[in-house]
Structures are given as C-alpha cells and as structure tokens.
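Written out below as structure tokens is the structure these notes cover.
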Amino acid sequence: MSEEGCLYICATPIGNIADVSSRLVEVLSSVDLIAAEDTRVARMLLSHLQIKFPEIISCFEGNEVKRSHEICDLIETGKKIALISDAGTPAISDPGYIIVREIINRGLKYAVIPGPSALTAALCGSGLDSSHFHFEGFLPPKSGERQKRLKQISGIGETIVLYESPHRIEKTVTDIVSVFHPDTKITIGRELTKLYEEFIHCKCSELNYTLSGITKKGEFVIIIENKQQQTQNILPPLNNQVIKFLESGVSPKTISSLLVDFYDVSKREIYQKCLEFIKEN
Ligand code: SAM
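Quick note on numbering that gives the first Met the number 0: the sequence shown kicks off at 0 and runs consecutively.
Below, the structure written as structure tokens:
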C-alpha cells in the first residue's frame, strides 16, 4: 500500500529570507512536488535555501480550479505536495482556498505550515485597535467602485486592513480621505520585514500630506482604525442628552442645533432621534 499523501500549505517570507522557519525547510526538502504561484519565484527561494528542487508546477489564479483536481488526484496516489505563493501566506489575497476546499471535500490529509503575512505584520505594528478587524485586501481598481466599497466597509465599524500596490497608493489614499472622518487614525506599513521597512502613523486629514513625504516604491498595507466604532460609542450619552432636553420641553429643532457641535453626528440624525423618542414615549 502506498504512503498517505498530504498537502502542506506553506507560508514563505514577505521580503526577509531569515523569516523562513526550520519546519518550512524540512517540508520543502521532503515533498514530491511544489505547487507555486510563480515557478521562477519558487526556484529562487529554493536556491536561497539550498534545497534540491523537487518537481515544481504553477498554480495561479487562472488555473487554480484545474490544478485543485490534479493536485488532489496526486495526493490520492500518496504524493506529498507543498503549496506556496510568491510571498506570505497562501489564500490571503493569493491562490489557495480553492485547492484547500477540494482537499477537504475529498477527505484528504493536509497541514498548515504558518509563517509570514503582510496582514499580521502590518496589523501588529500599527498600534491600532486590533481586537476586531476587517481584512479587505485589494480594493477595486476603478475609483468609483473603490469609493463605493470604502463607503460600504466604513459601516462595519472595525479596523480595516487594505493591501495596495505602489502605482495605486496615491489614488487609494485620496479616496480614503474622501470617505473617512478626518480624525480617523491611519497606519501605512511599507516594505515590511525588508531593509527600508517603515510604519507611518497619521490622522486621515493628514494622509495626503504624509504620503507626499514618503517614497511610493515598494509594497504597502494601509490600516484604518474605523471611526464608526467611536461614533457608536458616543450614542448612549447623546441619547441621554436628547431625553433630558425633550423632558424639559425643548423642541427637536432646537435640540439638534444645540447638540450638533458636541457629537460626531449630523443635525438631521439628532432631529430623527428626537422624533423616535417622542413616538416611543
Ligand atoms: N499572501 C500575501 C500575504 O500573506 O500577505 C499577500 C499577497 S498580495 C498578492 C501582495 C500584497 O501584499 C502587496 O501588494 C502588499 O499590499 C502586501 N505585501 C506583501 N508583502 C509586503 C511587504 N513586505 N510590506 C508591505 N506590504 C506587503
């Protein structure tokens, strides 16, 4: 009987070769086949690690469905296969989940070899609230769609993590400035784990100016500590104020004019709140 096959989902460095784990070296040295996003990038990594190449096949966005069947067929015959992307963790804005889903559907063996990801590196270095976060990855390339998507996710009320390329960073930043509250805290992580790694921290209102002072070369992660959360937090005190004024006989129109400067909501929203309260009581 042949040995049991297995898929190893392997994270690789996002720029610093020293981030390779001994477990990754062990797995890449022992598999029968490597399925790589780009076979040339995989060869460079293996040369660096002085690992004798096993067979390498490509597995990218365009052929992932076909490859998922081929890879599972091979694992059923007892082969051990490593899945790697160009950098970081497979299935995080990279191919991977379609293969893993097929492996699960067929009841085959698999293991994760965790390691670097720009997502976790940027988030933990941001100093922003990471208790809950929304990973968005890449936004749509067209500005209209990008702004629409930003408006949608601004409603989630959690820290947002975006990936961005150097040629689109300025346009994306302009759209972020147009959607989020000026006081929203932002961190940009650039060239993480590399020689010129930097973290830039600023408010949304300062973002365009801050970006003008740094090079647009390299790879970027943008983290937005979404203001929505703070807006929600102020609602209980606002409600109490509205109730107090209404009970003293002040009109909804006057209440909204009085309170608008103290809360991060519009006059109209306060007016609506008054009407809701009157209706319910
Ligand atoms: N799977 C990868 C991961 O686990 O992070 C992400 C792959 S995605 C195709 C590539 C994007 O990740 C880049 O455009 C950039 O936004 C981000 N990225 C990758 N390496 C990075 C680095 N060293 N510094 C900052 N961002 C990086």
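Where a beta carbon is used, it is the ideal one built from N, C-alpha and C, also for glycine.
Minimum C-alpha distance to residue i - residue among the options
i	options	result
SER21	PRO113, ARG66, LYS252	PRO113
ILE91	PRO165, VAL40, GLN146, PHE59	PHE59
THR38	CYS201, ILE8, PRO53, GLN49	PRO53
CYS273	GLY248, PHE261, ASP260	GLY248
PRO88	GLY77, ILE102, LEU258, THR119	A small correction: the amino acid at residue 88 is Thr; Pro does not occupy that position in the sequence shown. Of the listed residues, the one whose Cα sits closest to THR88 is THR119.
GLU169	ASN207, GLU69, LEU149, SER250	ASN207
ILE2	GLU163, PHE219, LYS108	Note on identity: in this sequence residue 2 is Glu, with Ile being the wrong assignment. Closest by alpha carbon: LYS108.
ARG64	LEU82, ALA41, LYS51, PRO94	In the sequence as displayed, the identity of residue 64 is Val instead of Arg. The option with the nearest alpha carbon to VAL64 is PRO94.
ILE102	LEU82, ALA121, SER116, ALA86	LEU82
TYR270	ASN280, VAL259, GLU279	VAL259
GLU279	LEU32, LEU23, ILE242, MET43	ILE242
GLY156	GLN49, PHE276, CYS5, ILE223	ILE223
THR171	MET43, ASP182, PRO140, LEU237	PRO140
THR11	GLU135, SER116, ASP72	SER116
TYR7	LEU27, VAL19, ALA17, ASN15	LEU27
ILE97	LYS266, GLY61, LYS51	GLY61
GLY188	LEU237, LEU210, ARG100, ARG148	LEU210
MET43	ASP174, LEU191, GLU75, ALA86	ALA86
LYS78	ASP18, ALA17, VAL40, ASP31	ASP31
THR173	SER129, GLU205, TYR262	GLU205
PRO181	ILE199, CYS203, GLU197	CYS203
HIS200	VAL264, GLY124, VAL178	GLY124
SER46	ILE56, VAL24, SER57	VAL24
ARG105	HIS68, LEU257, PHE137	HIS68
ILE57	LEU127, ASN239, GLY136, VAL40	Before going further, note that residue 57 is Ser rather than Ile in the sequence given. For the residues LEU127, ASN239, GLY136, VAL40, the minimum Cα distance to SER57 belongs to VAL40.
HIS133	SER153, LYS147, CYS71	SER153
LYS51	VAL264, SER29, ARG148	SER29
VAL178	ARG148, THR158, GLU190	ARG148
GLY4	GLU75, LEU48, ALA17	GLU75
ARG100	ALA121, ILE70, GLN49	ILE70
Endpoints, alpha helix (DSSP H) assigned at residue i
i	result
ARG264	For the sequence presented, residue 264 should be read as Val rather than Arg. Taken as a continuous stretch (DSSP letters only), VAL264 belongs to no alpha helix (DSSP H), as it is neither H nor E.
GLY124	117–125
ASN104	96–104
PRO251	251–258
ALA41	38–47
ASP72	63–75
LEU27	21–29
For residue i, the first and last residue of its enclosing beta strand (DSSP E)
i	result
ASN57	Looking at the sequence provided, one finds Ser at residue 57 rather than Asn. From DSSP, the beta strand (DSSP E) with SER57 extends over 54–57.
VAL220	219–224
LEU32	32–35
Counterpart residues of residue i in DSSP-defined beta bridges
i	result
GLU197	ARG189
LEU6	ILE80, TYR109
HIS133	ILE159
GLY87	THR11
LYS184	LYS202, GLU224
Q: Write down every uninterrupted run of the alpha helix (DSSP H) in the segment 149–180 whose length is 4 residues or greater and which is fully enclosed by it, in chain order.
A: 168–178
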